[in-house]
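Below: one structure, written as structure tokens.
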Amino acid sequence: MTNGKSDILRNLLVESINSVVSAGRVDLNSQLDVEGELTADIHGYTTIIEWNGIGHGELSFHVFWAIDAQAKGGKTLKRFSGQTITYYASVSGWLERKDGKWVQGEGGSSLSETYLSEFARSRLSDLSADGSGFKASGPDRFF
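In terms of my numbering, the sequence shown opens at residue 2 and continues consecutively.
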């Protein structure tokens, strides 16, 4: 069972990228800078996944988990669209595609904009995710 905050959030990020790839919204073999948004069910809760190209074959992902939960401890965000959401976990990270396929960093390194409520910790602690066509972790790449 995974209990550490960094492990929980990395697994959430990996599972979210898996959802985007399986929906055909991102091609792991492409070097094109693409952007998009997908709403998916991750571990039983509605999740918003956003991504955009940042050059060098890399994509930046941002995940907002459990936007439909009715629990204590959520954070509120007003999006550019004007929509206000409440979420219970969030994480951002980079997916390398040019020199291999992996989510950058090990554990908590290269994860940013992280938030993990107690509600999320209790529900995501048993989430374990392997990348579908990419590694769940790897070297940090800064250009």
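Backbone N, C-alpha and C fix where the C-beta goes; we use that ideal spot for every residue, glycine too.
Query: Whole-Å CB distance - Ala137 paired with Leu117, under 8 Å assumed; Result: In fact, because the Cβ distance is near 17 Å, the residues do not count as touching under 8 Å.
Query: Contacts around Ser93, its chain only, beta-carbon distance under 6 Å, and the 5 residues preceding and following it disregarded; Result: His63, Ser113 and Glu114
Query: Whether Trp52 touches Arg26 by CB criterion (9 Å); Result: yes
Query: Rounded straight-line distance, which links the Cα of Thr77 to that of Gln84; Result: 10 Å
Query: The region 42 to 50 contacting the region 12 to 32, beta-carbon criterion three pairs below 8 Å; Result: yes
Query: Check whether Tyr88 and Gly75 have beta carbons under 9 Å apart; Result: yes
Query: Leu29 to Gly132 span [Cα, whole Å]; Result: 11 Å
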